[in-house]
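Since the structure comes first, as C-alpha cells, the remarks are kept for the end.
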Amino acid sequence: MADPSTQVPLPYSVEKLLHKISVDQAQSTADPYARRLLASLGEEMSLDILRRIALITAPDDASYKSPIPQHRIQNPCSTPERATARAISPQLSVLSELEFRKAFLILSYIGRKKLEDVMSVDEILKLKNLDLPMRLFESTLWSDYGNKLCDDEKDRAKVNTMLILALFKLRSAEHAIFKDGGKEDKKKMKTSSGVRCYFVRMESLAPFDEREPYILSDKTVHEARCLFMHVHMVASMAKYAARFSLILSKTIKLPIDLASVHIERIEDIPCRDENDCVVYDDGEPRIHTDGTGYISEDLAVKCPKEFCNAKDRTLKRILDQVGGTEARRREPPLLIQCRIFNNGCAVKGTLLVNRKLPPKTIQVRPSMIKVETDSSYRDEQSFNSLEVVAISHKPRKATLSKNLIALLCFGGVPKDFFLELLANAIEDARSVFSDKRAAVRVALNHGAIDDDFTTTRMILAGIPLDEPGLRYRLSHLAKEERKGLKGGRLPISESFYLMGTTDPTGVLNSDEVCVILENGQISGEVLVYRNPGLHFGDIHVLNAVYVKDLENFVGNAKFAIFFSTKGRRSVASEIANGDFDGDMYWVSRNPQLLTSFKPSKPWERIYSTPNACSKKPSEFSSKEELEREYFQLFLSTCKQRNVMGVAADSWLAFMDRLLILGDCRTDEKEQMKKTMLNLVDIYYDALDASKSGKKVEVPDELRAEMFPHYMERVSKFQSTSVLGIIYDTVQLGQPEESSIEDFTKLSCFDVEIPDDVKLRWKEGYDDYRKEMQEALNSGNEPNHAADEVTKKYKKMLYGALELEESERKMEDIYNDALAIYHATYDHAKSKGEVKKCNFAWKVAGPALCKFYTMKQSEKSIACSPSVLRELLE
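So in the numbering used here, spot 239 of the sequence shown is number 1228, and the numbers just go up one at a time.
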C-alpha cells in the first residue's frame, strides 16, 4: 500500500506534528482522506487543530480511540467496515438522537470526563424531551452540569476537536459533492470561499439511525452518486463536478411518475449557410436549439403557474391543487426550465409546451443531455424525477443595469434619456412618506425583501403612512431603492425580461422573433439583450412578427420570446454566448430607445483560451483515484481567483473612459476597443470555465489600473459619464437619516385583550428576541436561521405558516395579533428604537391589516402584485 504522505503531501510543520501525535498517543498514521481534509484547511488551521489534539490525553474508552480515526475517515470510495455496536454505550446511543449542536454542547460541558460517568440515560432523555430553544437549552445545561465540570473556557476549547470526532464516531460521512455558490455566496462569506462542500452520511452505528432503512447503507460514494446520475460518463473532471452539482439546483419535484412518461430524443436543428450546408465551429456543428425541447400539455399543466412563490411555504398547497379537475382547468406555462433525472441520465434545459404531442410525452435534444446512462452499470436503483427550476411567467417592469446603460449610450442613446428615468425614480423614493401611490410603487419593487409584501399590505389596508412601523419600513425600502438607482437599476417602461426558446414552426427569419405578452403576440421592432452581455453588439435590433401557426403548438400560453432556427448562427449565441436552457432576455419596445439606438456588429470570438487537458472520469485506474482527483478539483476551485470579476470590472473601467472621450482621441479609442474585445472573450470563457475546465486568466496588460468613482474602488478617477452622473445625483440627493420618535399606537388597536394572552405574548416576545439574536450570530447563513425563528412564531399565532391556511378562530387570532402588537410597540418605545416594531408586522402583519380594515367598516379586496403594478404604471 502506498505511503499516504506521498499521496497527499502536507507542509513539513504539519507532518512533524502528525508524527508526534501518532507516537505520543499510540495512534496509526492519518490516512489519505484525513490528510486531504487537513490540506483543504491550510497550514495554519491544520496546526491549530493538531495542537489541540496533541494536548489531549486519549481516554481509555474505545469510543475515543483516535483523534483522526482511520476506520471512520477513510478512502472516499471504500465501503466502511461496520464496527461492532457493542462499543457504543447506551448514553452515547441516546445522545445521538439529539440534534448535533445540542449533543456537541453536552460533550463540551462535561469536558474531559466520560459521558457515562457524568450522565445517565434518563438524564439525557430528560434533556431531549424538554425540546427547548438552543439558548434556553444552553442555560439549563450550564446550570446543571457545565459550571460544575468545566474549569474554564480554554479547557473546553481544547477538547472541541475530539468531541466532534466522538460524535462522528457513530456516523461515517464522506465528501460527496461541491458547488460554487456564485457571487451571492461570495458576498455573504467575505472571509472565505463561496464554494460549498457537502459530506453525506454513508454508515451509522447509532441505533437511532437504524430504526429506518437507509438507502446509502453498504454503498460507496460512487454508488451513491449513481443513484442520481451516472456522472462518470462525462468527458472531463470539470464536467463531472459541474454536472453532478445539478442535483443542488433549487427546484420543486413535479408529481409525475417518469416510468409512465415517454421520453423521446429528437435532433438539434443545425445552423446552415446560404448553400444549406451545416456550419461548424471548432469541429462541432453550430446549433439553433441549444438547451430546449418539448413537453405535452397534460404534463405541463401539472406545473404550478404560481411557481414564483412555490419554493417555500406555498409549495405544498400549490402541488395539492395541480391534480385532478383543477389541473385540467389550468392553462399550462409556456416554458418550463427543468432538470430531469432518469435511470442515470441527467437532462438540463427548457421544455416548450407542445399541444401536438401525444399525452405523457417529453422530447429532449442532445444539447440538453448532460449525462448519459451507463448501460453496463448494474444497480437498478435510481432517483427518477422531473424537477422545475422556473417557468415563463408574467414579467414585472424591467430595470436597466450599469452594463446595459453603457452599451445603450455607446449605441447613441443620449444621457438625458437616462437622467429623466432617474429623476422620476428619485421622485418616487422621496414621496413615499406622503404619496400612497409612490409608496406602493416602491413597496412593490422590493416585495421580495419585505416579508412577502408586508409594507404593500399595510398601505392597501389603509394604515396611515406616518404610523411608526410603516414609516420605518418605508424608510428602509426607500434606502434600498436609492441604492439600486445608484447602481444603475433604473425602471424603464415597455421593457420586459422573458425566457427564450426557438420557433417550433420554422417560419421566422434570422432577423425575426416572436414575442408573446399578456395580450398575445406583438409586432414591430424590439431591442433584445441578455445579461451579463459586455460586447458592443450584444444588443440586437430585431423584428417582432406575428406567427399564426404558433398557436397550434402553445395554445393560449404566454410570456416568452421565440428565436429563429434559420441562418449561419443562433441569434442567442450572438447575444453574450446565450442559449435556451433558461436564459432570460431583455426585450424592449420603448420608442425612445428604438429611435436613437444604432446596433453594432454581433459578437464573434476573436481571442480564445486554450482547452484544458483532462482525463475522462472513466479513464482513472480506480474509484479511489477518481475521488482523489475530484477532491483536488474542489481544493483548486476554492483557491481560484475571481477572473470574471476582474475582467468585468476592467471592461467597465475602459468603457467608462470610452464614453467620456466621445468623438475625441480616435487612436486611443481604437486601442481601448481592442483591449475591451479581448476582455469580453476572456469574460465569456470564464463564465463557462467551471464546465470547460479552461484555466482562464486576465493578463496584467488588460487590467485596469484606475476605476470610475462609482465603482467605489481605492484607485479611482472622477467619472463624468452618464453612470458617474447617475451615481452623483443619487448620492447628493441622499436624505439625512431621521429618527422616528413618535411611537403612537393605532387607536383602533386599543381594545380589551385577555390578560393570559397578553402575558403569553409578552414572554413569547422576550423569547423571540433571544432566539433571533442567536440566529443572527449563527455563522454563514444567519438569514436562513432568522427565517426559521420567524416561521416558528407565525405557527404559534396561526397554527400554520400563513393566515389563509389557519384553522383557528379569527377572534383568537385577533387577540394574539393585538397582544403581539402591544408587546412589541411597548418594548420599542422603552428602547427608543422604532425598528423593534418590526416583529409585530413580520409575524402578525396579515391579521393586523385585516383587523384594521374591519375596524374602518371596510372590506378588503384581493389583488395580486402583478395586477397592482399594471394599475400603477
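For glycine and all other residues, C-beta sits at the position ideal for the given N, C-alpha and C. In this text, all values refer to a predicted model and were calculated from it rather than measured experimentally.
Here's the rule I'm using: 16 or more other beta-carbon atoms within 10 Å means buried, otherwise exposed. How should Gln-1326 be labelled? Around the CB of Gln-1326, 16 or more other CB atoms lie within 10 Å, so the residue is classed as buried.
Does Cys-1503 come out as helix, strand or coil in the three-state DSSP assignment? Under the three-state reduction of DSSP output, Cys-1503 falls in the strand class.
Is the distance from the Cβ of Leu-1506 to the Cβ of Ala-1549 below 7 angstroms? Cβ atoms of Leu-1506 and Ala-1549: not closer than 7 angstroms.
Neighbour-count burial assignment, Pro-1355, 16 or more Cβ in a 10 Å radius: Burial state of Pro-1355 is exposed, judged by a 10 Å Cβ sphere holding fewer than 16 other Cβ atoms.
When the Cα atoms are used, what is the spatial distance from Asp-1805 to Asp-1645? If you take the alpha carbons of Asp-1805 and Asp-1645, they lie about 56 angstroms apart.
Among Glu-1777, Thr-1626, Met-1799, whose alpha-carbon lies nearest the alpha-carbon of Arg-1185? Taking only the C-alpha atoms, the option nearest Arg-1185 is Thr-1626.
Met-1700 versus Gln-1707: straight-line alpha-carbon distance, rounded: Cα to Cα, the separation comes out at about 10 angstroms.
Less than 8 angstroms between C-beta atoms, sequence neighbours within five positions excluded: which residues of the same chain meet that for Leu-1479? Result list for Leu-1479: Thr-1388, Leu-1389, Ile-1394, Phe-1407, Leu-1410, Leu-1411, Ala-1414, Ile-1715, in chain order.
Please report the distance separating the alpha-carbon of Cys-1653 from that of Glu-1859. A direct Cα-Cα distance of roughly 44 angstroms separates Cys-1653 from Glu-1859.
Cα-Cα separation between Thr-1842 and Gly-1722, rounded to whole angstroms: For Thr-1842 and Gly-1722, the distance between alpha carbons rounds to 36 angstroms.
In terms of residues, what are the limits of the alpha helix (DSSP H) holding Lys-1839? Segment 1827-1844, the alpha helix (DSSP H) holding Lys-1839.
Let me know if Met-1151 comes out buried or exposed under the rule of 16 or more other beta-carbons within 10 Å of its beta-carbon. Reliability of the predicted coordinates at Met-1151 is poor, the pLDDT of 41 falling under 50, and the value obtained from them is presented with this limitation in mind. By the neighbour-count criterion, in which 16 or more other beta carbons inside 10 Å mark a residue as buried, Met-1151 falls on the buried side.
What's the C-alpha gap between Ser-1679 and Ala-1231? Cα to Cα, the separation comes out at about 6 angstroms.
Own chain residues within Cβ distance below 7 angstroms of Cys-1602, not counting five before or after: Cβ neighbours of Cys-1602 beyond the five flanking positions: none.
Roughly how many whole angstroms lie between the Cα atoms of Pro-1056 and Ile-1166? With a pLDDT of only 35 at Pro-1056, under 50, the local geometry of the prediction cannot be trusted, and the value read off the model is given with reservation. It is roughly 25 angstroms from the alpha-carbon of Pro-1056 to the alpha-carbon of Ile-1166.
If you check the beta carbons only, do Thr-1339 and Phe-1569 fall under 7 angstroms apart? Yes, the pair counts as a contact, with Cβ atoms nearer than the cut-off.
Can you give, in chain order, each stretch of the alpha helix (DSSP H) that sits fully within the region 1223-1280 and has at least 4 residues? Complete alpha helix (DSSP H) runs here, min 4: 1226-1233.
Just tell me which of Glu-1032, Ser-1795, Pro-1348, Gly-1556 has its CA closest to the CA of Asp-1265. Answer by Cα proximity: Gly-1556.
What did DSSP end up calling Trp-1575 once you bin it into helix, strand or coil? Reduced to three states, the DSSP call for Trp-1575 is strand.
Have a look at Tyr-1574 and Ala-1675 and give me their C-alpha separation to the nearest angstrom. Tyr-1574 and Ala-1675: Cα-Cα distance of roughly 20 angstroms.
What three-state label does DSSP hand His-1219 in the structure shown? His-1219 falls in the coil class under three-state DSSP.
Between the region 1358-1368 and the region 1574-1589, are three or more C-beta pairs nearer than 8 angstroms? Between the region 1358-1368 and the region 1574-1589, the count of C-beta pairs closer than 8 angstroms stays below three; the two stretches do not touch.
Buried or exposed by the 16-neighbour rule on C-beta atoms within 10 Å, applied to Arg-1071: Per-residue confidence for Arg-1071 stands at a pLDDT of 40, beneath the threshold of 50, marking its modelled position as unreliable; the derived number appears in the next sentence. By the 10 Å Cβ count, Arg-1071 comes out exposed.
Can you tell me whether Tyr-1518 is buried or exposed? The criterion is at least 16 other CB atoms within 10 Å of its CB, across all chains shown. Answer is buried; the Cβ neighbour count reaches 16.
In angstroms with no decimal places, state the Cα-to-Cα distance between Val-1336 and Leu-1087. Near 39 angstroms, if we compare the C-alpha coordinates of Leu-1087 and Val-1336.
Secondary structure of Ala-1146, DSSP reduced to three states: Model confidence at Ala-1146 stands at a pLDDT of 41, short of 50, so the residue's coordinates are unreliable; what they give is reported in the following sentence. Residue state, collapsed to three classes: helix.
Thinking just about the alpha-carbon of each residue, which of His-1382, Ala-1379, Glu-1369, Val-1402 is nearest to the one in Gly-1651? In terms of CA proximity to Gly-1651, Val-1402 leads the group His-1382, Ala-1379, Glu-1369, Val-1402.
Measuring straight from C-alpha to C-alpha, what distance separates Pro-1606 and Lys-1612? Approximately 9 angstroms between the Cα atoms of the pair.
Cutoff 8 angstroms; reference His-1698; Cβ partners in own chain excluding five residues on either side: Counting only Cβ-Cβ distances below 8 angstroms, and skipping sequence neighbours, we find Lys-1705, Phe-1706, Gln-1707, Ser-1708, Gly-1713, Tyr-1716.
Proximal residues to Lys-1831 (C-beta, below 8 angstroms), its chain only, five neighbours per side dropped: Result list for Lys-1831: Asp-1440, Thr-1443, Thr-1779, in chain order.
Assuming Pro-1322 and Ala-1561 form a contact by the criterion Cβ under 8 angstroms, report the distance between their Cβ atoms to the nearest whole angstrom. In fact, because the Cβ distance is near 20 angstroms, the residues do not count as touching under 8 angstroms.
Counting only the same chain and skipping the five closest in sequence on each side, list residues whose C-beta sits under 8 angstroms from that of Ala-1764. Within the same chain, Cβ atoms closer than 8 angstroms to the Cβ of Ala-1764 are found at Pro-1771, Ala-1774, Ala-1775, Glu-1777, Val-1778, the five residues on either side in sequence being excluded.
Nearest-angstrom beta carbon gap, Tyr-1229 and Lys-1824 [assumed within contact, 8 angstroms]: With a Cβ gap of about 47 angstroms, Lys-1824 and Tyr-1229 do not count as contacting.
In whole angstroms, what is the alpha-carbon distance linking Ile-1010 and Ile-1438? C-alpha separation (whole angstroms): 51 angstroms.
Tell me whether Pro-1591 sits in a helix, a strand or coil according to DSSP, three-state version. DSSP places Pro-1591 in coil when its eight states are reduced to three.
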